[in-house]
Amino acid sequence: MDILFRLLTVHVLVDFVFQSKSGVEDKFKRGIRSGKLWLHIFLHFILTYLVIGDWHQWMIPLGLALSHLLIDLWKISTGRDDLLIFLIDQLLHVVMIVLAFAFYIGGSAFREGLSMWTWWTEPSFWIVGFAFLLVVWPVGFAISKATSSWRDEIESETSERDSLSRAGMFIGRFERALVLIFVLLGRMEAIGFLIAAKSILRFGDRHQANPRKNTEYVLIGTLMSFTISIIIGLGALALMQNL
-2 MDILFRLLTV
8 HVLVDFVFQS
18 KSGVEDKFKR
28 GIRSGKLWLH
38 IFLHFILTYL
48 VIGDWHQWMI
58 PLGLALSHLL
68 IDLWKISTGR
78 DDLLIFLIDQ
88 LLHVVMIVLA
98 FAFYIGGSAF
108 REGLSMWTWW
118 TEPSFWIVGF
128 AFLLVVWPVG
138 FAISKATSSW
148 RDEIESETSE
158 RDSLSRAGMF
168 IGRFERALVL
178 IFVLLGRMEA
188 IGFLIAAKSI
198 LRFGDRHQAN
208 PRKNTEYVLI
218 GTLMSFTISI
228 IIGLGALALM
238 QNL
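Under my numbering, the sequence shown has 130 at position 133, and the numbering climbs by one with no breaks.
Below is the structure:
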């Protein structure tokens, strides 16, 4: 498995550490004529060849370099550099790395290795997965519905939008996921630090219109969010202990 992680390490180094912002801009501007694009691909080939350490295996570095070039050209052709294109781009790179790894170790060895990864057949995996899905999405919708009357009251009293679009939704999702992680790890004390950190960040809201109503609204939502996440986390732990 160390070969797989060597290949992944090279990808991270070449695509993120050694690639500058000007290099990315030059690739989008000049496309296949970009010298920085070709330098990027050559660096990928050389580092992959070095980390494999098998001088007879030149086909894998070459194949990964060419696939990297084709994927980058596709990304350039879209003319976009947003989150969706970034995720697709990285997923394609990882898929090619896994395929190269399978080719390197041989088909039978790769299938044997896959047979050892049976975590998706474990009940605990599905319990934890369901718990995360529950706290990130359904719980968020439930809290939004439960606090809608107070939210409407606050929004009706101010004409200015003083927060990022859907920022509260994403903050809530991340905080519930973190609370669930802390509960599953048995680190309940870390939840207190999370509450303290959120309180410090909310300290700057005291100059808003109706600061008391805003504080009460956030406090209600936070307590509901934390309470439900803790209950779900404890429930998941109880289920796994009784398996």
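No residue lacks a Cβ here, since even glycine has one placed at the ideal position from N, Cα and C.
Terminal residues of the continuous alpha helix (DSSP H) containing residue i?
i	result
D86	L80 to I102
W35	G32 to I49
F12	The residue you asked about is not Phe; residue 12 is Asp in the sequence shown. Segment: none, D12 is in no alpha helix (DSSP H) and carries neither H nor E.
T75	M56 to T75
I140	P135 to A143
M166	A164 to L181
R27	K18 to R27
Beta-carbon separation of residue i and residue j under 8 Å?
i	j	result
S226	V176	yes
L59	V11	no
L4	A97	yes
V125	L182	no
K72	I82	yes
L231	S121	no
L67	I38	no
S74	M93	no
Compute the beta-carbon to beta-carbon distance between residue i and residue j, rounded to the nearest angstrom, for a pair I have assumed lies under 8 Å.
i	j	result
H41	V7	7 Å
D69	L36	Not really, about 12 Å apart at Cβ, beyond 8 Å.
I228	A128	About 10 Å; that fails the 8 Å criterion.
Using beta carbons (cut-off 8 Å, strictly below), is residue i in contact with chain D?
i	result
W134	Annotation note: the requested chain D is absent from the structure, which comprises a single protein chain.
If I measure Cβ to Cβ from residue i and keep anything under 8 Å in the same chain, skipping five residues before and after, which residues do I get?
i	result
V133	R170, R173 and A174
Below 6 Å CB to CB, which residues in the same chain sit around residue i once its five sequence neighbours on both sides are set aside?
i	result
R30	none
K46	It is Tyr, not Lys, that sits at residue 46 in the sequence shown. Closer than 6 Å at Cβ, skipping near neighbours: P58.
A187	F179
Who are the Cβ neighbours of residue i in its own chain at under 7 Å, not counting the five residues just before and after it?
i	result
M166	G137
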